[in-house]
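Novice: Taken in sequence, the protein lines are chains P and W.
928 is the number of the first residue of the first sequence in my numbering; add one for each residue after it.
6 is the number of the first residue of the second sequence in my numbering; add one for each residue after it.
The C-beta atom is built at its ideal place from N, Cα and C for all residues, glycine as well.
The model shown is predicted, which means the values in this text are computed figures rather than measured ones.
Mind looking over this structure? Questions follow.
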Amino acid sequence: MSKQQAAKRPVEIMIAQFGSTADLMTAAKKMREGGYEKYDCHSPFPIHGMDKAMGLRRSPLGYIVGLCGTCGLLFMIWLTWYASAYDYPLVISGKPLFSWQAYVPVFFAITVLASAFGAFLGMLAINRLPRPNHPLFNSDRFCTFSDDGFFVSVENDDPQYDPQKVRAYLESIGGKNVEIVTE
Amino acid sequence: MSTSSENLSAKVDPPEIFYPGNPSYHDVSDVISRIVETPFGKGWYILFSISFALTLMLFGILAYLFWEGIGIWGLNIPIAWGWAIVNFVWWVGIGHAGTLISAILFLLRQRWRTSSNRFAEAMTLFAVICALMFPGIHVGRVWAVYWVFPIPNQMGVWPNFRSPLLWDAFAVGTYFMCSLLFWYTGLIPDLATIRDRAKTRFRKIMLGIFALGWRGGNRQWKHYELAYLVLAGISTPLVLSVHSIVSTDFATSILPGWHTTIFPPYFVAGAIYSGFAMVMTLSVLARTAFKLEDIITLKTLERMNKIMLVTGMMVGYAYSTEFFVAWYGGNGFEKFTFLNRAFGPYAWAYWIMISCNVILPQIFWFKKLRTSIPVMFVASIFINVGMWFERFVIVVTSLSRDFLPSSWDYYSPTRYDIGIFIGSFGLFFTLFLLFIRFVPMVAMSEVKNVLPQANPHTHASPEAEVVNE
């Protein structure tokens, strides 16, 4: 094996199917106990309590949204000041130039808008989406995840990855139809 | 001991059954996805042709309007706001129920909403598109409509951020974008479902693009769920703020009948009321046409009728408060305006409004009537008519008779006013029919999530037994 090949090993993912949300939850706990890191549990809908079972930390998305909303608010405060009090000062019905009370609806709207974009684009960015092509889609069986299938997938960049060992482990925790998908 | 175990089990509420047929996950995918996967019958094409013809009529009238100017409408001075503003407020209001169902009911964990939130949200989007059109064309010189945006320009002039009309542009624009993002976020897992069911190459590629490569891993769901929660959280104040800001278009003026502090809550209650009426109309149609009785259940419809009863009472309360304040406030102009509403030249519109909005929804006190599909369908249409007349009464009666009798006038729409309003229905239904043709109209992943077998703590489902193949 040349150096280049070793550095860029083709992606190989082992998947196993489970019967129900409860089975998948147990499997997630066992995977964590088994010391696996690069695994994921796929389901047609989010399963309550799964984050805890997999030992995942809270999503950082809230901070991204907060940051985006704050930036939107600060930008709008600056813009209303710049437009109404600095660049083209215009006295309207005797109000002060920077009559911020009247700008609150605009501040609010832009804060919300910036937060919404932060939530949507931030979620896509953290999840590395859009990614229309992925090795997992090469398995027809895996593609039932969006219908009624529950799967655990283990990637070959997991430090413990060894096809025989992983297969045996997945089967020992109740996984069925174990298969390997490649690029 | 048996008693202690009974006590224990009594503490845990049994999971509520939302879908009485007790469908499996696959049943849910199948029933919903099949709608967009099989060719539609004649009915869809007939409805689509009618809607699309009306949309073309709308575009034709708009072209004539742009050429000729808004003089083709029935506006005069003092009545410079006519049907266009009435329609704008009406359409924006309709959108509010969609956001209420998708955001507020989500935060309140009202899990029955799962069957109707998707198309209520779609309704919001299309209603807001129709709404945004009206102020856009009302400016007359549509090529200058970009002046509402704070864009640096050669004139060196900025928009006036103190103006409620500008607040409106920001509020409704934000509302549209947030609703779109929220709707699309909810759609991603369902687009993945129909992508994975796709048979033809074309569908695989198109849905592959729109599903963004969703893989349903819990490491993705974790961020997805938070994004959905955040979007619900920030859409919740929008339900209250957007129509409040729309109401300031009126309330910040000094016209009798408009210059009141009751307007923001009164407009919001009316918006939710009319929006639920429209959701009801569409739900009943979709449910009957696509045989979704097990998904959009009678129980869900009954709950919506109860919400309509409540918001209808709020609207009725606001009407009476307005009258009380007109009398109690001791302002002669205010008093005259309200007597003029009820007994003046527009009394017919006022009494249509009262009958449809206040008297009619009282039928929902009776369980028999609020669980009857034909009754609720007809009632929902009457409520929408009534809510349109509410905006008509507010806009037109106040303008037609203000402080000086010498400037009083009567307003009647022209055929172009009527044509544009009918055309906006064409646009709305064209978009809606395209939506039910191409997009799963019920949120499948959310419906699956509230099935009893989805709860990993109480239920290990026998149906989900996987056999080694």
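#1: Would you give the residue range spanned by the beta strand (DSSP E) that S168(W) belongs to?
#2: So which residues on chain W does R1058(P) lean against when the C-beta distance must stay under 7 angstroms?
#3: Can you find the residues in the same chain that come closer than 7 angstroms, C-beta to C-beta, to M981(P), ignoring five residues on each side of it along the sequence?
#4: Spell out whether any CB of chain C is found under 8 angstroms from the CB atom of V1033(P).
#5: Going straight from the alpha carbon of M211(W) to that of G989(P), what length do you get?
#6: Does H462(W) pass the burial test, meaning 16 or more other C-beta atoms within 10 Å, or should it be called exposed?
#7: Under 8 angstroms between C-beta atoms, does D299(W) make it to chain P?
#8: Sorted by chain position, which residues of the same chain lie with C-beta nearer than 7 angstroms to R308(W)'s C-beta, five sequence neighbours on each side aside?
#9: Beta strand (DSSP E) containing C135(W): first to last residue?
#10: Counting along the chain, where does the beta strand (DSSP E) carrying F1077(P) start and finish?
#11: Can you tell me whether G275(W) is buried or exposed, with buried defined as 16 or more other CB within 10 angstroms of its CB?
#12: For chain P, find out if any of its Cβ atoms is closer than 8 angstroms to the Cβ of S385(W); answer yes or no.
#13: Starting from V162(W), find everything on chain P with Cβ-Cβ shorter than 8 angstroms and list it in chain order.
#14: Which one of P1062(P), S1099(P), L1048(P), L1063(P) has the shortest CA to CA distance from L231(W)?
#15: Apart from the five residues just before and just after T948(P), which ones in its own chain have a Cβ nearer than 6 angstroms to its Cβ?
#16: Check for me: the alpha helix (DSSP H) holding V401(W) runs from which residue to which?
#17: For M977(P), collect the residues of the same chain with a Cβ closer than 7 angstroms to its Cβ; drop the 5 residues on either side in sequence, then sort them by chain order.
#18: May I have the straight-line CA-CA distance separating N122(W) from L1040(P), to the nearest angstrom?
#19: Counting contacts by CB-CB distance shorter than 8 angstroms, is L260(W) in contact with chain P?
#20: Quick one: what does DSSP say E451(W) is sitting in, helix, strand or coil?
#21: Could you give the DSSP three-state label for H975(P): helix, strand or coil?
#22: Does G103(W) have its Cβ less than 8 angstroms from a Cβ in chain P?
#23: Leaving aside the five residues before and after P140(W) along the sequence, list all residues of the same chain whose C-beta is less than 6 angstroms from its C-beta, in chain order.
#24: Cutting at 6 angstroms between CB atoms, please list the residues of its own chain near E1082(P), excluding the five before and the five after it.
#25: Any C-beta of chain W sitting closer than 8 angstroms to the C-beta of N1065(P)?
#26: Quick check on V992(P) - is its C-beta less than 8 angstroms from some C-beta in chain W?
#27: Can you list, in chain order, the residues of the stretch 980–991 of chain P whose Cβ is nearer than 7 angstroms to any Cβ on chain W?
#28: What residues of chain P sit near Q159(W), judged by a beta carbon separation below 9 angstroms?
#29: What does DSSP give as the partner residue(s) for D414(W) in the beta ladder?
#30: When you compare the stretch 250–265 of chain W with the stretch 324–344 of chain W, are there three or more beta-carbon pairs, one atom per stretch, that lie closer than 8 angstroms?
#31: Bridge partners of F945(P), per DSSP?
#32: Can a CB atom of chain P be found closer than 8 angstroms to the CB of H264(W)?
#33: Please confirm whether G485(W) and R1058(P) have their CB atoms less than 8 angstroms apart.
#34: Could you give the DSSP three-state label for N460(W): helix, strand or coil?
#35: What's the C-alpha gap between A58(W) and Y421(W)?
#36: From F1077(P) to P987(P), what does the alpha carbon distance come to, in whole angstroms?
Specialist: So, to answer that:
#1: It is not in any beta strand (DSSP E) - S168(W) carries neither H nor E in the DSSP assignment.
#2: Correct list: G218.
#3: A955, R959, C968
#4: Among the protein chains in the structure shown, which are P and W, there is no chain C.
#5: C-alpha of M211(W) to C-alpha of G989(P): approximately 31 angstroms in a straight line.
#6: exposed
#7: no
#8: W117
#9: For C135(W), there is no enclosing beta strand (DSSP E); the residue is part of the alpha helix (DSSP H) that begins and ends at 122–143.
#10: Counting along the chain, F1077(P) sits inside the beta strand (DSSP E) bounded by residues 1077–1082.
#11: buried
#12: no
#13: Y1015
#14: L1048(P)
#15: Spatial neighbours of T948(P) in its own chain (CB-CB distance under 6 angstroms, excluding positions within 5 residues in sequence) are listed in chain order as I974.
#16: From DSSP, V401(W) is part of no alpha helix (DSSP H); its letter is neither H nor E.
#17: M952, A955, C968
#18: Looking at the two C-alpha atoms, the distance is approximately 21 angstroms.
#19: Not a single CB atom of chain P sits nearer than 8 angstroms to the CB of L260(W).
#20: helix
#21: For H975(P), the secondary structure class from DSSP, reduced to helix, strand or coil, is coil.
#22: no
#23: F93
#24: I940, K965
#25: no
#26: The C-beta of V992(P) comes closer than 8 angstroms to at least one C-beta of chain W.
#27: Here the close residues are M981, L983, S986, L988, G989.
#28: Think of a sphere of 9 angstroms around the beta carbon of Q159(W): no beta carbon from chain P falls inside it, the nearest being about 13 angstroms out.
#29: Beta-bridge pairing links D414(W) to no other residue.
#30: yes
#31: F1077(P)
#32: Not closer than 8 angstroms to any Cβ of chain P, the Cβ of H264(W) fails to qualify, so no.
#33: Only positions 6 to 474 of chain W appear in this structure, which leaves residue 485(W) out of reach.
#34: In the displayed model, N460(W) falls within coil according to three-state DSSP, outside both helix and strand.
#35: Using only the alpha carbons, I get a separation of about 16 angstroms.
#36: Whole-angstrom Cα-Cα distance: 26 angstroms.
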